[in-house]
Ligand code: NAD
């Protein structure tokens, strides 16, 4: 299959690019290369004849039309987005432009291309979204695909809007879409402003490890390589018009996740143990959702997918990766706003 992957220089997109090429698919990576992008993430496949890169912005409709005509993909996997909740609180405009207007542009470009090609049956538009569109849970319950949308942050509201557009393009125009809503990802190549790398890098540098509020916020943690595997499965076998929730079956309170990372740091750097002495509780994020949990039964029962690692195994691999790949993350600390978020500026 020839797959056009938007956002393929980002964290999850690059994992999908690497896995798709490894499985013999042709990949066109379309990315505008924002602060969150890094072509080093795809260096392992960039010389492959199966790989091509197009630097383009999904807000630029003409560029999308040109790229579709040039590469004639069988499928589009749409991951390009502004993705950081804290940044969406500081400056929501970019989130509306990329996540809402950009998705609209891509849908229109895809619809025009698909119609001009005679509406090929095998074409798929796979929209990648988040469980944050469902809002926040109490102590019990899980998000299913039927949970009503209730986004709380500018980020989740922009992703919810994009999900609605994708469904509308299916219902109104018949565009063959599939959607996925996943929980929090972690793993190698995660940009160093997100929780897991912040904890690892601050622990490594002996700096305070910031934990929002009382640390009791609960997330379901999904190893990024498991997520990439689930996404390719949904692309190939998911039912048109359906959405699938993808979770890691790993619910954890933030404070427990942070302690677990510290324990892996203690194992790997016993001289600096105990790393959890660095934990420092900070003022909570405004509108911080308390608990997210995914009911993964649809993807498990319909497509036979389950995560391959527990959060303990995945975190161990991730901590080891960050310690072994300092050349990857050191240059990123100088990028726009990242030092401030890590407490290094
Ligand atoms: P990321 O921020 O690491 O990467 C996003 C990529 O999109 C970057 O390479 C960036 O350059 C590109 N991009 C941004 N704006 C663009 C534009 N206007 N045109 C073209 N490219 C643009 O994000 P991620 O964590 O890899 O997330 C990928 C997708 O998965 C997003 O749609 C996100 O909403 C969704 N998601 C992420 C998580 C998570 O835990 N990271 C969880 C649920 C859903």
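In UniProt numbering, the protein residues as written are 1 to 345. Ideal Cβ placement from N, Cα and C applies to all residues, glycine included. This one's a predicted model, so the numbers in the text were calculated from it and none came from an experiment.
- A contact between stretches requires three or more CB pairs, one per stretch, nearer than 8 Å, and the region 208 to 217 fails this requirement with the region 36 to 52.
- With a cut-off of 6 Å, the C-beta of residue 83 is classified as near the ligand NAD, since at least one heavy atom of the ligand falls inside that distance.
- In summary, residue 138 is exposed, with fewer than 16 beta-carbon neighbours lying within 10 Å of its beta-carbon over all protein chains present.
- By the neighbour-count definition (other C-beta atoms within 10 Å, threshold 16), residue 115 is an exposed residue.
- In the structure shown, residue 119 adopts coil according to DSSP, grouped into three states.
- Under the three-state reduction of DSSP output, residue 243 falls in the strand class.
- For residue 51, DSSP records a beta bridge to 27.
- Annotated three-state conformation of residue 269 is coil, per DSSP.
- In the structure shown, residue 220 adopts extended strand secondary structure according to DSSP, grouped into three states.
- In the assembly as shown, residue 334 is an exposed residue. Its beta-carbon has fewer than 16 other beta-carbons within 10 Å.
- In this structure the region 307 to 321 lies against the region 182 to 191, because at least three pairs of beta carbons, one per stretch, are closer than 8 Å.
- In terms of side-chain proximity, the C-beta atom of residue 32 is found nearer than 6 Å to a non-hydrogen atom of the ligand NAD.
- Considered as a whole, the region 142 to 225 harbours 177 to 182, 184 to 186, 209 to 212 and 218 to 223 as its complete beta strand (DSSP E) runs of no fewer than 3 residues, in chain order.
- Residue 268 is positioned such that its CB atom lies no closer than 7 Å to that of residue 201.
- Per DSSP, residue 128 is not a residue of any alpha helix (DSSP H); the beta strand (DSSP E) it occupies stretches across 124 to 130.
- In this structure, the straight-line span from the alpha carbon of residue 96 to that of residue 158 is close to 6 Å.
- Looking at the backbone, the Cα of residue 256 and that of residue 120 are separated by about 48 Å.
- Put simply, the region 120 to 132 does not touch the region 45 to 64. Fewer than three CB pairs are less than 8 Å apart.
- Pairing residue 78 with residue 7, the inter-Cα distance amounts to about 7 Å.
- Taking residue 250 as the centre and dropping the five residues before and after it, the same chain places the C-beta of 220, 221, 310 and 311 closer than 7 Å to its C-beta, in chain order.
- Given a length threshold of 4 residues, each whole run of the alpha helix (DSSP H) inside the region 77 to 121 is given here in chain order: 85 to 90 and 103 to 116.
- A straight line joining the alpha-carbon of residue 297 with that of residue 271 spans about 43 Å.
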